[in-house]
Amino acid sequence: MYFPYLRGKQFELEALLDVSPKVYLNTLPIIEPVNTTQRKFYRKLAGKGYPLILVTNPYHPQANRLTTAVVQGILDDELSTNPTVRVGYLIDQRFRLAHFTSFLNSNPSRGKAVIFRVNPLPADLTAIAAAITKHPVEYMIFDERLTNSATRAVFNSHAQKVLITDGFQHHDRNADYPPVSTFSSNYNSWRIDGWYGIGDYLSIGDVFKEGGGQVYVVSLHITIESPSGLLMHHFSSRVHSTIKGFSAEKFAEANSLLVASPQVRPLSSSGIELFRDWHHRSHNPQLGAAKKASVMNHIELLSSLI
C-alpha cells in the first residue's frame with residue numbers, strides 16, 4: 000500500500016480528486032488539514048468514495064484554529080457519507096496520554112491510524128502500547144527521519160506498519176534546484192523489510208508554507224523512475240530571474256523544458272498530460288495547478304510501483 004502524506008492545501012486536495020481513480024486500489028492518502036477554507040473539497044472526496052486518513056490533531060501553527068472539534072466537524076459533515084475515511088492521530092512533542100485516549104475512544108465506527116513524528120519518552124511509549132492493546136489501531140505509521148528503530152520495535156508485531164520517508168530534496172530558493180536530484184524511497188524493499196506499506200511527502204517534501212506569492216524562478220518537479228531508483232527532475236525558468244513576477248513567462252519557459260525533456264516524453268500520467276495541454280494552449284494555469292499536476296504524476300507513479 001502507498002500512503003502519500005498531504006497537508007490539505009487546495010492544490011493537494013484537487014490532486015486527489017483529479018488523479019486516476021485506479022490509484023485508490025492501493026493508495027490511502029493521509030491528510031493533515033491546515034485551514035478551514037477547503038471543506039467543499041472534502042465533500043467532493045466523500046462523494047467519490049475515495050479512502051483517506053484525516054489527521055484529527057494537525058500540528059502546524061497556521062492550523063491553530065483547526066481544533067480537534069473543528070476537524071470532527073469535517074468528519075461529521077463533509078465526510079460523513081464515506082465509511083472508508085479513517086481518522087489519524089499525530090504522536091509528536093505535544094503528546095498527552097489523556098488526549099490520545101480520547102482519540103482512541105472517538106469515532107468508534109471508523110478505522111484509526113497512529114502517526115509517529117517523534118520518539119516518545121519511554122513512559123509515554125509504554126502507555127501508548129498499552130492503550131493500543133485495549134483499542135485496536137488499523138495502521139501504525141512512522142516517519143523514518145523522526146523516529147528510531149527502538150520506537151518502531153515496540154510495535155513489531157503489528158500487522159499493518161507503514162514507513163514514511165521524506166525523499167524530496169527541498170530548497171528554499173527555486174533557483175537552487177539542480178536539473179536532477181535523487182528521491183529517496185523504499186519502494187523496492189518495503190515488503191522484504193516487513194512493512195505493510197510505505198509513504199512519502201510527494202514532490203513537495205516535509206515542509207509547509209502558507210500562501211504563495213510572486214517568485215523569482217518557477218520550478219516544476221517531476222518524479223521519474225530510473226534503473227538506479229527514483230529521480231526528481233527539476234525544470235526551472237531563467238527569464239527575469241532577478242525580478243519577482245512575470246509568472247506566465249516563467250511558467251511557459253519551465254513547462255517548455257518539461258514537455259521537451261527526453262525523460263518526460265515517454266510518460267503518460269494524468270499530471271504530465273496537464274502540463275502538455277497547458278503547453279499546447281500556451282496557457283498559464285497558476286502555480287497551484289502546476290503543483291497539483293506534479294503531485295498527480297507522483298501519486299500515479301508510486302501507485303504503479305508499489
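Residue numbers for the sequence shown follow numbering that gives the first Met the number 0, beginning at 0 and rising by one. Yeah, the Cβ is synthetic: ideal placement off N, Cα and C, and Gly gets one too.
**Q.** The alpha helix (DSSP H) enclosing Gly270, as first and last residue numbers
**A.** 269-279
Q.
If the criterion is Cβ atoms closer than 8 Å, does the pair Leu5 and Pro28 meet it?
A. yes
Q: Could you name the residues that DSSP lists as bridge partners for Ser218?
A: Ser235
Q.
Assuming Phe141 is part of the beta strand (DSSP E), what are its boundary residues?
A. 138-142
Q: Output the distance between the C-alpha atoms of Arg264 and Val258, rounded to the nearest integer angstrom.
A: 7 Å
Q) Can you name the start and end residues of the alpha helix (DSSP H) that Leu74 belongs to? A) 67-75
Q) Contact between the region 142-153 and the region 168-176: three or more CB pairs below 8 Å? A) no
Q) Which one of Arg95, Asp17, Ala253 has the shortest CA to CA distance from Asn283? A) Ala253
Q) What's the gap between the Cα of Leu300 and the Cα of Lys291? A) 14 Å
(Q) In whole angstroms, give me the CA-to-CA distance for Ile52 and Phe102. (A) 14 Å
Q. Helix, strand or coil for Asp123 per DSSP?
A. helix
Q | Phe94 - DSSP class collapsed to helix/strand/coil | A | coil
Q: Could you pull out every residue in the same chain whose Cβ sits closer than 8 Å to the Cβ of Thr35, ignoring the five residues on either side in sequence?
A: Arg64, Leu65, Val69
**Q.** Counted within 10 angstroms of its Cβ, other Cβ atoms place Thr125 as buried (16 or more) or exposed
**A.** exposed
Q: Return the CA-CA distance between Ala97 and Ile127, expressed in angstroms with no decimal places.
A: 11 Å
Q: Starting from Gly198, trace the beta strand (DSSP E) both ways and give me its first and last residue.
A: 196-199
Q. When you compare only the Cα positions, how much space is there between Phe313 and Tyr186?
A. Outside the displayed range of the chain (0 to 305) lies residue 313, so it cannot be described from this structure.
**Q.** Tyr215 and Thr241 closer than 8 Å at C-beta
**A.** yes
Q) Which one or two residues does DSSP pair with Tyr88 in a beta bridge? A) Val113
Q: Would you identify the three-state DSSP class for Glu299, choosing helix, strand or coil?
A: helix
Q | N-terminal and C-terminal residue of the alpha helix (DSSP H) that Leu16 is part of | A | 9-17
Q) With a cut-off of 8 Å, do at least 3 Cβ pairs link the region 183-201 to the region 269-286? A) no
Q) Roughly how many angstroms separate the alpha carbons of Arg38 and Glu31, rounded to a whole number? A) 13 Å
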